[in-house]
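Below is one structure, written out as structure tokens; comments come after it.
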Amino acid sequence: MNKTISVQYFAILREQRGLSGETIPTAAATAAALYEELRVRHGFTLPAERVRAAINEEFVAAEAPLREGDRIVFIPPVAGG
Amino acid sequence: MNKTISVQYFAILREQRGLSGETIPTAAATAAALYEELRVRHGFTLPAERVRAAINEEFVAAEAPLREGDRIVFIPPVAGG
Amino acid sequence: MFRISSTALDPAVLHAAQRNVQAGACVTFEGWVRDRNEGQPVRSLEYEAYEPLARAEGERILAEARERFALVGAECIHRVGHLQLGELAVWVGVTAEHRAAAFDACRYIIDEAKARLPIWKKEYYASGATAWINCATRGEHAAPARPPG
Amino acid sequence: MFRISSTALDPAVLHAAQRNVQAGACVTFEGWVRDRNEGQPVRSLEYEAYEPLARAEGERILAEARERFALVGAECIHRVGHLQLGELAVWVGVTAEHRAAAFDACRYIIDEAKARLPIWKKEYYASGATAWINCATRGEHAAPARPPG
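Residue numbers (the numbering used here), protein chains in the order written: chain A, 1 to 81; chain B, 1 to 81; chain C, 1 to 149; chain D, 1 to 149.
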């Protein structure tokens with residue numbers, strides 16, 4: 001039931017993880033579940049509701065399902081202004 | 001009762017007069033009266049209500065009085081747009 | 001500063017003079033001679049200014065912009081003379097800490113400049129005809145009014 | 001066209017590419033690195049982009065602007081990397097027959113770009129501190145929101 005997912009990190013998430021990306025096994029069923037898993041593991045300061053996700057280079061909803069081999073990016077709030 | 005007035009022409013008025021400026025004697029009491037005199041004499045196509053006047057480099061009302069030695073400019077409608 | 005120039009304007013030079021590390025936003029407007037107006041093919045344009053009054057009115061417009069908007073700098077330069085297609089006829093450059101003020105001020109300056117400066121434009125058409133814009137009277141072929149451009 | 005550049009932008013080159021005799025109006029916006037933000041002295045800035053998505057979103061924004069406004073051309077280029085004070089961080093150039101469309105489209109593009117592009121900004125302060133803008137959470141010193149600029 002574990003999937004292999006490739007994760008990319010940017011900006012504050014990249015700094016807090018200390019990596020630009022990694023390929024990991026996970027049991028998380030959705031984008032939101034995976035972020036929560038990683039947030040706890042790596043001590044990310046951004047709460048889930050301020051992070052968007054993109055899977056295979058398309059923005060997706062938080063409850064989007066994860067599939068074997070997906071490439072996911074967690075997107076911190078943009079600079080705005 | 002004649003005054004000596006220096007008149008400058010721009011754009012369509014300059015072309016219709018064939019001169020950039022001239023110094024003329026006139027009995028006209030106001031800027032508007034002088035324009036009317038010149039319009040008839042030189043066949044200017046612009047009616048008085050579409051021409052503004054400046055005396056001694058300041059915009060003035062049509063009924064502004066003319067004084068000996070004044071420099072007057074008749075200002076066609078600007079290009080706008 | 002407001003200027004009238006009888007020689008070609010170089011936007012790179014005008015632009016470089018605006019640099020300021022206090023400004024986060026720079027908005028420029030350029031008016032170019034384009035190849036048609038109101039559907040008629042245009043070959044060239046002539047601008048004529050009543051310079052003393054145009055300079056005074058131009059400075060007034062810039063002062064108004066500085067009063068209304070939080071600016072770092074504001075400049076406007078208008079060409080006079082005979083201009084060919086593609087030439088730069090008028091340049092407005094505004095810098096500000098934030099972009100909203102820069103956009104609003106740049107637009108204010110060009111709108112007021114077009115409406116208030118005693119500067120006239122003559123169009124030379126491909127047909128050989130010419131017209132002083134906005135000076136048309138009954139019987140002349142050029143339209144007396146045109147949309148903003 | 002939308003581009004992301006990791007090398008310095010030259011506004012003169014970007015500008016020259018816009019020339020078009022069908023355009024009567026050219027409006028450009030430049031975002032510069034300024035020396036303070038929210039009252040704090042800033043030394044430099046770092047921009048980081050998620051490039052594939054930023055490019056796709058940037059192209060979408062330009063397509064929206066072309067649909068909404070009568071344009072001749074529209075371009076946007078965003079820097080990434082470490083930028084010093086006064087450097088050009090983002091450039092938007094729009095040409096149109098008339099200036100109203102050029103102003104409206106230029107502003108639309110930069111507003112949408114700032115709100116939607118997955119590009120992040122890190123400020124390096126004179127104090128030695130740093131902050132990812134808009135990524136602050138409880139306990140971090142940078143304000144989570146800032147006015148448009």
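Ideal Cβ placement from N, Cα and C applies to all residues, glycine included.
Nothing here was measured: the structure is a model prediction, and the numbers come from that model.
- The residues TRP32 and VAL33, in chain order, have a CB closer than 7 Å to that of GLY86 of chain D in the same chain once the five nearest residues on each side in sequence are set aside.
- Inside the stretch 40-76 of chain B, DSSP marks whole beta strand (DSSP E) runs of 3 or more residues at positions 52-55, 58-60 and 71-75, from first to last along the chain.
- Each residue's CA atom was taken as its position, placing TYR47 of chain C and ALA63 of chain C some 24 Å apart.
- For TRP91 of chain D, same chain residues with a beta-carbon under 6 Å away, outside a window of 5 residues either side, are LEU9, LEU14, GLU30 and ILE77 in chain order.
- Excluding five sequence positions before and after ALA31 of chain B, the CB atoms of its chain that fall closer than 7 Å to its own CB belong to ALA53, ILE55, VAL60, ALA62, ALA64, LEU66 and ILE72, given in chain order.
- Any Cβ of chain C closer than 8 Å to the Cβ of GLY24 of chain D would place that residue at the interface, and such an atom is present.
- When the alpha-carbon of TYR124 of chain D is set against those of D:VAL94, D:SER44 and D:GLU38, the nearest one is in D:SER44.
- Within the stretch 46-95 of chain C, the runs of beta strand (DSSP E) at least 3 residues long that lie entirely inside it are, in chain order, 71-79 and 81-84.
- Between the alpha carbons of SER127 of chain D and GLN40 of chain D lies a gap of roughly 9 Å.
- With fewer than 16 neighbouring CB atoms inside 10 Å of its own CB, LEU19 of chain B falls in the exposed class.
- Pairing TRP132 of chain D with LEU71 of chain C, the inter-Cα distance amounts to about 27 Å.
- Closer than 9 Å at the C-beta level to chain C, one finds these residues of the stretch 51-65 of chain B: ARG52, ALA54, GLU57, GLU58 and PHE59.
- ALA31 of chain A is outside the set of residues whose beta carbon lies under 8 Å from a beta carbon in chain D.
- Note that the C-beta distance between PRO52 of chain C and ILE75 of chain B is not below 8 Å.
- The beta-carbon of TYR124 of chain D is placed no less than 8 Å from the nearest beta-carbon of chain A.
- For the set C:ILE4, C:ARG116 and C:LEU83, the Cα lying nearest the Cα of VAL21 of chain D is the one of C:LEU83.
- For TRP32 of chain D, the chain C residues whose C-beta falls within less than 9 Å of its own C-beta are ARG19, ASN20, VAL21, ALA23, GLY24, ALA25, CYS26 and THR95, listed in chain order.
- Taking a contact as a CB-CB distance under 8 Å, the pair GLU75 of chain D and GLY58 of chain D does not count as one, their CB atoms being some 10 Å apart.
- Listed along the chain, the chain A residues whose CB falls inside 8 Å of the CB of PRO52 of chain D are GLU57.
- Closer than 8 Å to the CB of PRO25 of chain A there is not a single CB belonging to chain D.
- In terms of Cβ geometry, ARG107 of chain D and PHE2 of chain C do not form a close pair [threshold 8 Å].
- For THR130 of chain C, the pairing in a beta bridge is given by DSSP as C:TYR124.
- DSSP places PHE10 of chain B outside any alpha helix (DSSP H), giving it a letter other than H or E.
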